[in-house]
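Each protein sequence line maps, in turn, to chains A and B. Take any residue in the first sequence, count from 1 to its spot, add 11: that is its number in my numbering. Take any residue in the second sequence, count from 1 to its spot, add 4: that is its number in my numbering.
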Amino acid sequence: MKSAFSAALVAAALLLTGCASRQALVPFNDGTLASATPSRIGVAMTALPKPDTFFPGANCLLCLASASLANRSLTQHAQTLSSDELAKIKQNLANALIRKGAQAKVIEAPLDPGALPDAKQSGTNVAKKDFSALRAAQDIDKLLVVQVAMVGYVRPYASYFPTSEPKGFVNALGYLVDLRTNTYEWFQPLEITRASDGPWDEAPAFPGLTNAYYQALEASNDELLRPFVAATASTVSAAPATAAPTAEPSPPAATPSGR
Amino acid sequence: MAGHNKCGVMWVQRMLGVAASRVRTTQWVSALAALALLPLVQHAQAQDESAATQQTPAQVATVPVPAANWSLALPPTDSVRFKGMAERDKAGIGGAAMAYPINTGAIFLAAVLVHGALNEATKSAQKSDLQKAADRVLQPYEPVLSKYTHHDLVAALAEQPVPAGSQQARWHVQSDPVFSLTPDETAFVLENDITVREAGPQGVIRYQGVVKVVAAATPQADPRHHWMANDGAPLKAETGALFLESIALAVDSAAQRWPTVAAKPQTYRYLEGTASRAERASLVAARCPQIVLRTLRNTLLSVPADSMHEPCGGTAPVTASASDGPGTP
């Protein structure tokens with residue numbers, strides 16, 4: 012009886028600590044880029060997903076079917092949107108790194124971390140995938156990756172019922188890997204939601220939600236850039252206000268960023 | 005089986021108990037009272053609307069030196085409406101799987117219905133709480149706002165409306181303004197629900213929709229002290245300027261002074277107070293110090309252009325092109 016109880020305890024502990032293997036946040040440290048010679052950093056993105064709708068909390072099959080049916084027109088609308096504006100994040104990050112004194116270059120081809128071999132070693136902040144081969148292939152010391160997992164609209168459910176109105180949504184991950192040690196020097200998951208300003212249920216064009224979607228894209232750009240521009244913000248604000256670099260988290264007023 | 009039914013009934017009772025505890029008693033009472041009073045309220049609203057229609061000429065501000073070509077009707081409520089800016093991006097009551105009793109179809113259905121009702125009541129309560137929390141920013145301004153009437157708003161306008169029915173009136177503007185104050189108290193935002201008709205008894209509607217005007221943030225270190233100085237004179241001047249700007253935009257749109265075919269929508273960034281905002285819109289015109297955008301809802305949005313890199317000196321419309329981008333309504 013006692014051994015059965017112990018086994019159950021161990022099983023429960025294993026189950027509950029399953030999350031412990033998830034990578035913890037690694038804040039970006041400006042000192043990371045400080046060295047006698049400028050760091051050569053490649054900036055890459057994974058392939059952008061197509062916009063869609065997501066219904067977390069609609070867990071049972073019937074719940075999910077019900078949620079999908081109830082939001083069918085929204086899903087159809089989401090699939091007409093473009094996520095291409097997220098691609099500018101790569102260039103914006105490279106620009107921010109250059110302003111910090113690094114030698115940054117954009118890697119145009121989409122990165123597929125899943126295709127990389129597993130890392131041979133493990134430890135604190137060691138990446139699970141082995142990125143080191145990219146050091147020679149791309150002639151870089153570090154790799155900054157933006158991995159966008161989900162983009163579109165999110166509407167949380169509790170079984171059959173929505174617990175919130177739909178919102179513009181971006182789920183992404185940003186990380187910087189030192190290719191010499193295969194360790195993370197920055198690791199930042201990101202989840203952005205933006206509500207429609209006013210009513211949301213305006214099928215078929217959903218203008219309020221479409222606006223919220225693009226607001227979420229802009230906000231994710233800002234959040235991913237924030238660690239790399241914070242220290243230089245005073246320098247930027249001392250300069251005359253400009254409209255062109257729309258990538259800054261505190262952008263100038265009335266600046267088009269879709270150009 | 006009877007035991008199962010009892011268990012299901014207890015589940016429904018428990019959920020109702022949870023519902024009652026989550027939603028305040030006052031809200032239940034208010035809801036019941038509202039239901040009971042609905043016919044009376046509807047009757048009163050109908051009377052109000054009828055009165056508003058009939059009294060429109062009487063409500064139009066009459067100022068002897070008309071400089072405009074529009075008459076104005078404001079809502080019958082006398083005080084100018086203000087609200088805080090509720091943060092709705094994080095609104096939601098969380099998603100969690102719900103285990104329903106499935107011993108009989110009726111119990112299951114009752115459980116689902118109770119869950120649905122509880123869900124809606126909680127969402128509604130949260131929405132109300134968010135707005136109440138946002139409205140707290142206005143409490144220090146109450147001494148001025150409680151005495152700020154539509155008459156004051158119109159009387160202070162730099163350009164005065166003409167009396168309805170006068171020869172100069174080309175447009176009749178019906179306006180329902182609601183002002184907001186940014187959480188940092190540095191800027192006011194106006195959302196003005198405007199209808200512009202051609203003057204005359206059978207005037208055709210030429211513009212209908214909300215015109216939103218965002219003021220530039222005040223550079224004052226203590227914005228509250230600034231707005232409240234001299235019995236709220238700066239506050240009244242600022243809100244009056246926003247009000248006039250919104251009407252000018254609607255009248256310009258009614259007069260088709262801007263291209264009707266919007267340019268391809270882009271994401272524009274601007275400041276609301278000190279907070280960064282984004283809007284998917286088409287550029288309509290530069291009316292310095294504001295930039296006018298047409299939103300995806302085909303309404304007008306005027307935002308501060310104080311840090312625009314491009315020259316902001318002309319009022320000529322921006323050349324428009326056919327809209328073919330994603331996000332086009």
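C-beta atoms are modelled at their ideal positions from N, C-alpha and C, and glycine is treated no differently. Source: prediction; values computed, not measured.
Does the beta carbon of residue i come closer than 8 Å to any beta carbon on chain B?
{"i": "Ile52 (chain A)", "result": "no"}
{"i": "Phe172 (chain A)", "result": "yes"}
{"i": "Thr64 (chain A)", "result": "no"}
{"i": "Ser248 (chain A)", "result": "Any answer about Ser248 (chain A) is weak, because its pLDDT of 26 lies below 50 and its placement is not dependable; what the coordinates show is given next. Not one chain B Cβ lies under 8 Å of Ser248 (chain A)."}
{"i": "Thr48 (chain A)", "result": "no"}
{"i": "Thr273 (chain A)", "result": "Beyond the ends of chain A as shown, which are 12 and 270, falls residue 273 (chain A); an answer cannot be given."}
{"i": "Ser77 (chain A)", "result": "no"}
{"i": "Ser133 (chain A)", "result": "no"}
{"i": "Ser245 (chain A)", "result": "The predicted model places Ser245 (chain A) with a pLDDT of 30, which falls under 50 and marks its position as unreliable; any figure quoted below should be read in that light. No, no contact with chain B."}
Does the beta carbon of residue i come closer than 8 Å to any beta carbon on chain A?
{"i": "Asn73 (chain B)", "result": "no"}
{"i": "Met232 (chain B)", "result": "no"}
{"i": "Gly120 (chain B)", "result": "yes"}
{"i": "Glu1 (chain B)", "result": "This structure does not reach residue 1 (chain B), given that chain B is present from 5 up to 333, and the question cannot be answered."}
{"i": "Val215 (chain B)", "result": "no"}
{"i": "Leu300 (chain B)", "result": "yes"}
{"i": "Lys151 (chain B)", "result": "no"}
{"i": "Arg291 (chain B)", "result": "no"}
{"i": "Asn107 (chain B)", "result": "no"}
{"i": "Lys136 (chain B)", "result": "no"}
{"i": "Val182 (chain B)", "result": "no"}
{"i": "Val116 (chain B)", "result": "yes"}
{"i": "Asn123 (chain B)", "result": "yes"}
{"i": "Arg26 (chain B)", "result": "Per-residue confidence for Arg26 (chain B) stands at a pLDDT of 47, beneath the threshold of 50, marking its modelled position as unreliable; the derived number appears in the next sentence. Output row for Arg26 (chain B): interface = no."}
{"i": "Thr271 (chain B)", "result": "yes"}
{"i": "Lys240 (chain B)", "result": "no"}
{"i": "Pro330 (chain B)", "result": "Low confidence applies to Pro330 (chain B): its pLDDT is 35, below 50, so where it sits in the model is not reliable enough to give any reading."}
Just curious, the alpha helix (DSSP H) that residue i is in, first and last residue?
{"i": "Asn222 (chain A)", "result": "218-240"}
{"i": "Val118 (chain B)", "result": "109-139"}
{"i": "Gly247 (chain B)", "result": "Checking the sequence shown, residue 247 (chain B) turns out to be Phe, not Gly. 227-258 is the span of the alpha helix (DSSP H), which, as asked, contains Phe247 (chain B)."}
{"i": "Glu276 (chain B)", "result": "Note, Glu276 (chain B): premise wrong, no alpha helix (DSSP H); beta strand (DSSP E) at 270-276."}
{"i": "Pro147 (chain B)", "result": "146-149"}
{"i": "Ala159 (chain B)", "result": "154-159"}
Which residues does DSSP pair with residue i in a beta bridge?
{"i": "Gly96 (chain B)", "result": "Paired residue(s): none; Gly96 (chain B) is not in a bridge."}
{"i": "Trp74 (chain B)", "result": "B:Trp175"}
{"i": "Tyr168 (chain A)", "result": "A:Pro173"}
{"i": "Asp197 (chain B)", "result": "B:Asp180, B:Val214"}
{"i": "Met161 (chain A)", "result": "A:Asn182"}
{"i": "Gly88 (chain B)", "result": "B:Leu185"}
{"i": "Glu202 (chain B)", "result": "B:Trp175"}
{"i": "Ser83 (chain B)", "result": "B:Thr153"}
Under DSSP, the beta strand (DSSP E) around residue i begins and ends at which residues?
{"i": "Asp152 (chain A)", "result": "Per DSSP, Asp152 (chain A) belongs to no beta strand (DSSP E) and is neither H nor E."}
{"i": "Gln212 (chain B)", "result": "209-218"}
{"i": "Glu73 (chain A)", "result": "Per the sequence shown, residue 73 (chain A) should be read as Leu rather than Glu. Counting along the chain, Leu73 (chain A) falls outside any beta strand (DSSP E), though it belongs to the alpha helix (DSSP H) covering 72-81."}
{"i": "Glu196 (chain A)", "result": "194-206"}
{"i": "Leu304 (chain B)", "result": "304-308"}
{"i": "Lys186 (chain A)", "result": "Sequence inspection shows Tyr at residue 186 (chain A); the Lys mentioned does not correspond to that position. Looking at the DSSP string, the run of the beta strand (DSSP E) that includes Tyr186 (chain A) is 178-189."}
{"i": "Thr299 (chain B)", "result": "294-299"}
{"i": "Ala290 (chain B)", "result": "279-291"}
With 8 Å as the threshold, decide whether the Cβ of residue i is near any Cβ in chain E.
{"i": "Asp82 (chain B)", "result": "You won't find chain E in this structure, because its protein chains are A and B."}
Give, in chain order, every residue of the stretch 200-219 of chain A whose Cβ lies closer than 9 Å to some Cβ of chain B.
-> Ile203, Thr204, Arg205, Ala206, Ser207, Asp208, Gly209, Glu213, Ala216, Phe217, Pro218, Gly219
Using a Cβ-Cβ cut-off of less than 8 Å, give me the residues of the stretch 140-169 of chain A that come near chain B, in sequence order.
-> Pro167, Tyr168, Ala169
Write down every uninterrupted run of the alpha helix (DSSP H) in the stretch 104-156 of chain A whose length is 4 residues or greater and which is fully enclosed by it, in chain order.
-> 144-149
At a Cβ cut of 8 Å, what residues of the stretch 225-239 of chain A count as close to chain B, listed as they run along the chain?
-> Among the residues of the stretch 225-239 of chain A, those with a Cβ less than 8 Å away from any Cβ of chain B are Tyr225, Gln226, Leu228, Glu229, Ala230, Asp233, in the order of the chain.
Counting only runs that start and end within the stretch 31-67 of chain A, where is the beta strand (DSSP E) found for 3 or more residues in a row?
-> 51-56, 63-65
Could you name the residues of the stretch 79-94 of chain A whose beta carbon sits closer than 7 Å to any beta carbon of chain B, in the order they occur along the chain?
-> Thr91, Leu92, Ser93
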